[in-house]
Every structure is written in C-alpha cells, then in structure tokens.
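For the sequence shown, our numbering begins at 4 and goes up steadily by one. Just so you know, even glycine gets a beta-carbon here, dropped at the ideal spot from N, CA and C. Working notes, structure below.
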Amino acid sequence: MPITNTQADNAKPQATLYRLNDGNGLQLEIRPTGRKFWIYRYRHPGTKKPTVYTMGEYPQVSIKRARAALLEAKALISDGVDPNTQKQRDRMRGQGETFLDVAREWYEKRLPKWTPANAEQTWKSLELDVLPHIGGRIITELEPPDLLLVIRRIEGRGGRLTRLKRYWRGYAQYSPMIRARELSDSLNAFTVWRTRQPLALGIERQIFQHVAAHHLSASKRVVQKLLRQHTCHRAYLQAVGQGGQRLNLDGSEAGAIHQAEREHAARVLAALPKA
Numbered sequence: 004m005p006i007t008n009t010q011a012d013n014a015k016p017q018a019t020l021y022r023l024n025d026g027n028g029l030q031l032e033i034r035p036t037g038r039k040f041w042i043y044r045y046r047h048p049g050t051k052k053p054t055v056y057t058m059g060e061y062p063q064v065s066i067k068r069a070r071a072a073l074l075e076a077k078a079l080i081s082d083g084v085d086p087n088t089q090k091q092r093d094r095m096r097g098q099g100e101t102f103l104d105v106a107r108e109w110y111e112k113r114l115p116k117w118t119p120a121n122a123e124q125t126w127k128s129l130e131l132d133v134l135p136h137i138g139g140r141i142i143t144e145l146e147p148p149d150l151l152l153v154i155r156r157i158e159g160r161g162g163r164l165t166r167l168k169r170y171w172r173g174y175a176q177y178s179p180m181i182r183a184r185e186l187s188d189s190l191n192a193f194t195v196w197r198t199r200q201p202l203a204l205g206i207e208r209q210i211f212q213h214v215a216a217h218h219l220s221a222s223k224r225v226v227q228k229l230l231r232q233h234t235c236h237r238a239y240l241q242a243v244g245q246g247g248q249r250l251n252l253d254g255s256e257a258g259a260i261h262q263a264e265r266e267h268a269a270r271v272l273a274a275l276p277k278a
C-alpha cells in the first residue's frame, strides 16, 4: 500500500536500516541515524548492474514529489539514460563549470607531485593545445567530436598525443563528471597499427576520418566495430602478419604486434578467396 504522511513521520530508526514500500518501486529508506531517504532500485540501462537512485530526503522531498521524481527516472531509463548520470550532468550544468575550471582544480591537486619544470611544461601544453579551443566550454556539453578537433590541431603542428592522453585520463579520474570518462575512452581509441606496410596505417586513418566526418562518437566500441568491418583488407592483414611495431597517431610507440595477432591474421588470409 502507498505510504501516508503519518507513516513516514512515525517511522522510527532501528539498529539496521529498513525500508517502507510505496509501490511502483519507490521506497522510503529509514537509516539508523534517523534520516529518511527516497530511493529507487533499478538496473543500469547500460551495464545492467543493480543500481540505487536517491531522490532526496524526507520530509524535504515530499511523498508527492518523490513519486513524480520516480516517474521521471523511469522515463529516462526507458530512453536508455541512467538517472544518476543525468542528475550529475544537470547539477554541473547548473553550476556552469567549464573545462578550464576542471583543469585548474586537477592541476592544483597534482602540483605537489611535480617538479617545477614539469608543472610549468604541463600548463604550457594545456595553454598551447587545449585551453584555447575548449577551455571555455561547459564541461557537460563537451562531445567526442570536440576532442577530435583538438587532436587534429595537435597533429597539424606535429605535436604529440601521448601527453594529451595522460592529462585527459587524469581529468577523468579527478572530475566526478561522467562525460570525462566517455571522452577519455574516445581518446584512448586513437591507437592505430603501423607495420612495415604503410598501407595498413592508411586504412586505419580512413576509419578515423570516417568517424569524424559522420560526427560519430569515437568510442572504443565504435572504432572496434569499424575495424572489424574494414580490416579484412588483404594488405592490412599481410602487414599485421609480417609483424612490426604498433604506433599511436603521433608516432610514439604503443607496443609490438603480438604473435597471436600475427597468427590470427595468417588464418584470416588463408580463409580469404585468392586475389
């Protein structure tokens, strides 16, 4: 049965937390401290893991408001959006926090761990490559294509992407925003094959150009799907089969091609029709 105001008011704390059911998945959680919170237990639309969405504390959030918040959360989930993620984005959007704000906080937190020379070089790199382009952007509004533009500018002047990758991973770990982690995955996807066959690298570049041209999210999942579709190219497989080094787009080493990868390429080549 639905919870009444009298029941909510009279619910006393116990040694362990307990919950009153309002129906439709809405629960009032009474904690040993005496505080009471509206919660909804659901499965994350992406990971499918059990998750708890907290809609506020009673009586500040009334029963009527909690029921309305539950309907809003369910609507988001039906659209494939995690309500906890959306709440976090809305809060940060309301604060108007920019990428520059997050970068400064991250920099100040890391400063004691760096030498003066390293700290100076780090901020100079940000001022040169990143802040002029996305420093003023609201952090929750940044999308993978925005990061692609930064990458292209760095590539255009012959700069290194390795440092940008490292910095962005730091932002993703430091900032509570979910978008930072999504964008970090996008940046990490920019590792390509380069072997003794330049054509193999060319094929990979075409894939990333396709991602950018169609304004796709360059997540690992998207790139891996494209690779599965396009890397059956015979020249690519031959290049992988010959071995060599795997490099990032900036030319830095990303590790050698493993023997298992070479053997897989050989098996696929053997199964392909003769040219």
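What residues are listed by DSSP as bridge partners for residue i?
i, result
"Thr57", "Ile42"
"Pro110", "Correcting the residue identity first, residue 110 is Tyr in this sequence and not Pro. Paired residues: none, contrary to the question."
"Gly49", "DSSP, once it has assigned bridges, lists no residue as partnering Gly49."
"Gln30", "Asn24, Ile42"
"Thr101", "Ile141"
Take residue i and list the residues in its own chain whose beta-carbon comes closer than 6 Å to its own, dropping the five residues that flank it on each side.
i, result
"Asp25", "Pro5, Ile6"
"Thr36", "none"
"Glu100", "Ile142"
"Gly162", "Because the pLDDT at Gly162 is just 48, under 50, the model does not fix this residue reliably, and the point stays unresolved."
"Asp149", "Ile137"
"Gln227", "Confidence at Gln227 is low in this model, with a pLDDT of 48, below 50, so its placement is unreliable and the value that follows should be read with caution. Within the same chain, Gln227 has no close Cβ partners at all."
"Gln232", "Below a pLDDT of 50, predicted positions are generally treated as unreliable, and Gln232, at 44, falls in that range; the measurement from the model is reported next regardless. There are no such residues."
Report yes if the CB atom of residue i is closer than 8 Å to the CB atom of residue j, and no otherwise.
i, j, result
"Asp85", "Gly49", "yes"
"Ile137", "Val153", "yes"
"Trp41", "Tyr61", "yes"
"Leu29", "Ala69", "yes"
"Phe102", "Leu145", "yes"
"Asn87", "Thr54", "yes"
"Ala122", "Leu114", "yes"
Is residue i near the ligand SAH, in the sense that its beta carbon is under 7 Å from a heavy atom of that ligand?
i, result
"Trp126", "The model depicted lacks the ligand SAH and carries no ligand whatsoever."
Please check the pair residue i and residue j, which I expect to be a contact at CB under 8 Å, by giving their CB distance rounded to whole angstroms.
i, j, result
"Asn8", "Ile66", "6 Å"
"Ala11", "Lys39", "7 Å"
Just to confirm my understanding: we take residue i, look at its own chain, exclude 5 residues before and 5 after, and list those with CB closer than 8 Å. What are they?
i, result
"Thr19", "Pro35"
"Trp126", "Tyr110"
"Arg224", "In this prediction, Arg224 has a pLDDT of 48, which is less than 50 and means its spatial position is unreliable; what the coordinates show is noted afterwards. For Arg224, where only same-chain residues beyond five positions count, there are no Cβ hits under 8 Å."
"Ile80", "Tyr45, Pro48, Pro86"
"Ile33", "Ala14, Lys15, Pro16, Gln17, Leu20, Tyr21, Arg22, Leu23, Lys39"
"Trp117", "Thr125"
Spatial neighbours of residue i within its chain, please: CB distance less than 7 Å, with the 5 preceding and 5 following residues excluded, ordered by chain position.
i, result
"Val64", "Trp41, Met58"
"Pro201", "Confidence in Pro201 is poor, its pLDDT being 42 and thus under 50, which makes the residue's placement too unreliable to answer from."
"Gly139", "Thr101, Leu103"
"Gln89", "Leu79"
Q | Meets three-Cβ-pair contact criterion under 8 Å: the region 65 to 77 and the region 35 to 49 | A | yes
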